[in-house]
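Per the numbering used here, the sequence shown starts with residue 214, numbered consecutively. From the three backbone atoms N, C-alpha and C, an ideal C-beta is built for every residue, glycine too. Being a predicted model, the structure only gives us computed values, none of them experimental.
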Amino acid sequence: MDLTAFPRVKLMHGDTPLHDLPGLGRALGTQRLLIKRDDCTGLAFGGNKTRKLEFALGEALRRDADVIITTGAWQSNHVRQTAAAAARLGLRCHAVVHSPLPAPGGDYRRSGNLLLDRLLGCTLHDVASEEAGIECIAALAGREAATGAIPHVVTMGASDGVGALGYVACAQELLRQCRDIAAAPSHIVLATGSAGTHAGLLAGLRVAGSDIAVVGISVSEPAESKRIRVRRVLDDLARTTGTPVQVPDEAIVVLDDYAGQGYGVPTAAGDVALRLLARKEGILLDPVYTAKAMSGFLDLLAHARCGPMRDPVFLHTGGTPALFAYLDHYLPGTAM
Ligand SMILES: Cc1ncc(COP(=O)(O)O)c(C=O)c1O
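The structure is reproduced here in structure tokens:
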């Protein structure tokens, strides 16, 4: 797929590394394991949204927008990266946020991504639910337009056909890097939330003729809801590009056994995975997405749930600033 046809702004520092995980491999007594470091995209602590925002904000600039409106949970990595990208491009940014947790503790309310959003100059609008957020976004867009501004709404997680182009680009980059290091992965495992990453990666691989299996680990909903989300983004991507992407239903693989009690609630297996990667590789995961995804990756390796895996790749999608919002979870009552 030729991505040069789409408006794009450069936000990434460059290609993210694809490298081996020798310490984890030794600890597990297993084969070659690989990690694709999209936690290292570079923009304000990095993460997967940077790739999507290159296209989402490319489209905003094409429309001459001067204010970005987006939405997410309080500890949204998407909101933080959108705020940073808007700042970089000289655009104002509103974020409509809601708390996914019934009674979040003090650090969840102030630290992590919420702290960074404020430092990045983003105006936050707290709403009671995702539904209330839809009304708030419409009201904000109306208010901005009434003052002569040109608002541009970036969907939650930038998970639409335009944002997914970022992961078509990632698929191309990954295939190039695999050739360079003589790796032939059978599977890529990642966290699936609003599903734009999963959909873009899967489409990008298939369009490039690769049959690497993409295994999504749901961080919240049942697998079927996630599969529907992936399909929706795939359809929107086909509309955006005018290129029908042939992805049969059985190629949309999502596992929901690692989500625990739902969005934003850490799992015991995720915590084990997070500490294991920290101590064997010096790589940090996050409690909301990548720790759960890594717990799934480890389980797939141990039990061959998706069949034998050759040179499996874990896609690290970032999210580490959220660690600081979970201080009480990781160090309850510790002073020093
Ligand atoms: C760190 C991290 N990983 C994974 C995801 C999931 O990506 P997607 O929403 O494209 O499924 C997100 C989404 O916010 C994220 O912040």
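Residue(s) in a DSSP beta bridge with residue i
i           : result
residue 286 : 311
residue 400 : 426
residue 280 : 305 and 364
residue 467 : 429
residue 526 : 247 and 401
residue 336 : 307
residue 232 : 248
Minimum C-alpha distance to residue i - residue among the options
i           : options               : result
residue 545 : 374, 339, 318 and 456 : 318
residue 395 : 245, 215, 239 and 214 : 245
residue 514 : 505, 525 and 344      : 525
residue 283 : 446, 339 and 504      : 339
residue 309 : 290, 286, 398 and 315 : 286
residue 535 : 366, 475 and 498      : 498
residue 537 : 438, 323, 278 and 249 : 323
residue 327 : 273, 289 and 377      : 289
residue 329 : 292, 223, 542 and 359 : 292
residue 532 : 496, 511 and 422      : 496
residue 314 : 501, 523 and 425      : 501
residue 223 : 471, 268 and 405      : 268
residue 361 : 278, 438, 398 and 443 : 278
residue 259 : 229, 344, 470 and 392 : 229
residue 543 : 307, 530, 480 and 370 : 480
residue 465 : 416, 484, 489 and 493 : 416
residue 378 : 262, 425, 280 and 397 : 262
residue 316 : 512, 247 and 478      : 478
residue 366 : 382, 346 and 381      : 346
residue 376 : 273, 474, 475 and 428 : 273
residue 254 : 436, 363 and 225      : 225
residue 355 : 443, 266 and 281      : 281
residue 368 : 435, 302, 270 and 248 : 270
residue 420 : 435, 442, 428 and 380 : 380
residue 217 : 485, 463, 359 and 454 : 454
Per-residue burial, residue i [other beta carbons within 10 Å of its own, 16 or more giving buried]
i           : result
residue 433 : buried
residue 297 : buried
residue 521 : exposed
residue 348 : exposed
residue 457 : exposed
residue 235 : exposed
residue 517 : exposed
residue 215 : exposed
residue 357 : buried
residue 299 : buried
residue 492 : exposed
residue 364 : buried
residue 242 : exposed
residue 331 : exposed
residue 442 : buried
residue 303 : exposed
Supposed close pair residue i, residue j - CB separation, criterion 8 Å
i           : j           : result
residue 294 : residue 257 : 6 Å
residue 540 : residue 252 : Rounded, the Cβ-Cβ distance is 20 Å, inconsistent with contact.
residue 305 : residue 220 : Not a contact, Cβ separation roughly 20 Å.
residue 401 : residue 414 : 7 Å
residue 418 : residue 411 : Incorrect: roughly 11 Å between the Cβ atoms, too far for contact.
residue 528 : residue 504 : Not a contact, Cβ separation roughly 14 Å.
residue 231 : residue 390 : 4 Å
residue 550 : residue 399 : The structure shown has nothing for residue 550, since the chain only spans 214 to 549.
residue 440 : residue 460 : At roughly 11 Å, the Cβ-Cβ gap does not stay under 8 Å, so residue 440 and residue 460 are not in contact.
residue 450 : residue 240 : The Cβ separation is near 38 Å, so there is no contact.
residue 264 : residue 383 : 6 Å
Neighbourhood of residue i by C-beta, 7 Å cutoff - its chain only, sequence neighbours within 5 removed
i           : result
residue 342 : 311
residue 452 : 374
residue 372 : 407, 408, 409 and 446
residue 494 : 234, 236 and 237
Any chain B beta carbon closer than 9 Å to residue i
i           : result
residue 438 : As a matter of chain content, chain B is missing from the structure shown, which is built from one protein chain.
Cβ shell of residue i (< 6 Å), same chain only, five flanking positions each side left out
i           : result
residue 325 : 288, 534, 535, 537 and 538
residue 336 : 307
residue 483 : 504, 505 and 508
residue 431 : 405, 439, 467, 469 and 472
residue 333 : 296, 297 and 300
residue 475 : 433
8 Å Cβ shell around residue i - same chain, five flanking residues per side excluded
i           : result
residue 519 : 400, 426, 428, 466 and 513
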